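A.B. asks: Heads up: the sequence shown is residues 1410 to 1460, going by our numbering. Sharing a structure below in structure tokens format, with a few things to ask.
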Amino acid sequence: MTQPERTGFTAEETRIIRQRQAARSRIMGVVLVALCVLFFMITVAKIGVWG
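Here is the structure:
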């Protein structure tokens, strides 16, 4: 026989999933800011504003 489908998660599973999502969101935010800073620095270096 097949196992019955699960209709939802327990409160503990939901909490763990939300924590993982929040951690991934923070990491993606840091990566995005780092890329913005990198692109800005490359642009400034090419234009030569500080040099």
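For each residue, glycine too, the CB sits at the ideal point set by N, CA and C. Predicted model, so just to flag it, every value in this text is computed and none were measured.
Have a look at G1417 and Q1428 and give me their C-alpha separation to the nearest angstrom.
C.D. replies: Using only the alpha carbons, I get a separation of about 17 Å.
A.B. asks: By DSSP, does T1411 sit in helix, in strand, or in coil?
C.D. replies: Coil.
A.B. asks: Please report the straight-line C-alpha distance between Q1430 and L1447, rounded to a whole angstrom.
C.D. replies: Computed Cα separation, rounded: 26 Å.
A.B. asks: May I ask you to report which of helix, strand or coil DSSP gives G1499?
C.D. replies: The question about residue 1499 has no answer here: the residues shown for the chain are numbered 1410 through 1460.
A.B. asks: Please list, in chain order, all residues of the same chain as G1462 whose beta carbon is under 8 Å from its beta carbon, the five residues on each side excluded.
C.D. replies: This structure cannot speak to residue 1462, because the chain is shown only from 1410 to 1460.
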